[in-house]
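The sequence shown begins at 35 in our numbering and counts up one residue at a time.
To start, the structure under review is shown below, and the notes come after it.
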Amino acid sequence: MDGPSLEERIARVPAWFHRMELAPGVVTPGVSDCSITLSRLELPEDCRGMRVLDVGTRDGFFAFEMERRGAEVVAIDYVPQEQTGFRLAAEALGSRVHYLRENLFHVTRERHGGFDLVLCLGVLNHVRDPLGALDTLRGVCRGELFLETAVSGPGTDPVLRFHPRDSAGGDFTMYWTPNLPCLEALVVEAGFLVGRLTQFGDRAVCRAAISLDETLRYYARIARELP
Numbered sequence: 035m036d037g038p039s040l041e042e043r044i045a046r047v048p049a050w051f052h053r054m055e056l057a058p059g060v061v062t063p064g065v066s067d068c069s070i071t072l073s074r075l076e077l078p079e080d081c082r083g084m085r086v087l088d089v090g091t092r093d094g095f096f097a098f099e100m101e102r103r104g105a106e107v108v109a110i111d112y113v114p115q116e117q118t119g120f121r122l123a124a125e126a127l128g129s130r131v132h133y134l135r136e137n138l139f140h141v142t143r144e145r146h147g148g149f150d151l152v153l154c155l156g157v158l159n160h161v162r163d164p165l166g167a168l169d170t171l172r173g174v175c176r177g178e179l180f181l182e183t184a185v186s187g188p189g190t191d192p193v194l195r196f197h198p199r200d201s202a203g204g205d206f207t208m209y210w211t212p213n214l215p216c217l218e219a220l221v222v223e224a225g226f227l228v229g230r231l232t233q234f235g236d237r238a239v240c241r242a243a244i245s246l247d248e249t250l251r252y253y254a255r256i257a258r259e260l261p
């Protein structure tokens, strides 16, 4: 007897976040149209020879896309891949992306190596320490950071809005929304040079290269450990 079809297996996944095509005409019922974010990011087309980290990979759309472009990809999330659509998607696509159940703050160069590109997409609002998260990613990034996040309203002064408890639409994990000047300041403070920062309504994308100036890196270290 034949096993369940791909469509049937897709339907068994409790909740899809990424909308993606797993076979010709077979698309997951995700709530996020990843093609929009993908076009906004302007990721390199040719990633051969690159090592990429996808933070908060969820169902894996961006990890699989970077693999398709030739990169070696490590994808991390805090839940087992069986609880999302990642495992099924990887199987359907014949992917070799390496999935790690890992907390962002536990990623280190000693344990995980360095990465030419780091993707942090839709994650920054959901961590309790956004600057610490960027510091951590700077520690493993040897090239560029691509960041996508929710942002708050206009203003010229850097402002980070805090959402206590479930005040952000009932979401207990939505802690912060920076405005655009604050987002840029956070990225620079973590040791990056912002090359592109663009707002799209209540979302923004940022592309930043690592800075070789060790001054900010020094102050980041002594803020969390003995000098």
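Idealized CB from N, CA, C, for every residue including glycine.
These figures come from a predicted structure and were not determined experimentally.
Answer yes or no: do residue i and residue j have a C-beta to C-beta separation smaller than 8 Å?
{"i": "G225", "j": "A254", "result": "yes"}
{"i": "N159", "j": "M100", "result": "no"}
{"i": "G156", "j": "V174", "result": "no"}
{"i": "P123", "j": "G94", "result": "Here residue 123 turns out to be Ala, not Pro, going by the sequence shown. Yes, the pair counts as a contact, with Cβ atoms nearer than the cut-off."}
{"i": "A243", "j": "G177", "result": "yes"}
Could you give the residue range of the beta strand (DSSP E) that holds residue i?
{"i": "A219", "result": "No beta strand (DSSP E) holds A219; the alpha helix (DSSP H) holding it covers L214 to E223."}
{"i": "R85", "result": "R85 to V89"}
{"i": "R195", "result": "L194 to F196"}
Do you know offhand how far residue i's Cα is from residue j's?
{"i": "V60", "j": "L40", "result": "8 Å"}
{"i": "S69", "j": "P261", "result": "44 Å"}
{"i": "F98", "j": "V131", "result": "7 Å"}
{"i": "F196", "j": "R53", "result": "29 Å"}
{"i": "L87", "j": "A219", "result": "23 Å"}
State the start and end residues of the unbroken alpha helix (DSSP H) segment that holds residue i.
{"i": "S62", "result": "First, the residue type needs correcting, since residue 62 is Thr and not Ser in the sequence shown. Premise fails: T62 is in no alpha helix (DSSP H) and is neither H nor E."}
{"i": "L72", "result": "C68 to L75"}
{"i": "L40", "result": "L40 to R46"}
Could you give the DSSP three-state label for residue i: helix, strand or coil?
{"i": "R251", "result": "helix"}
{"i": "A238", "result": "strand"}
{"i": "F96", "result": "helix"}
{"i": "R82", "result": "coil"}
{"i": "E55", "result": "strand"}
{"i": "E259", "result": "coil"}
Alpha helix (DSSP H) runs contained entirely in the segment 103-175, provided each spans 4 or more residues: 120-127, 143-146 and 164-174
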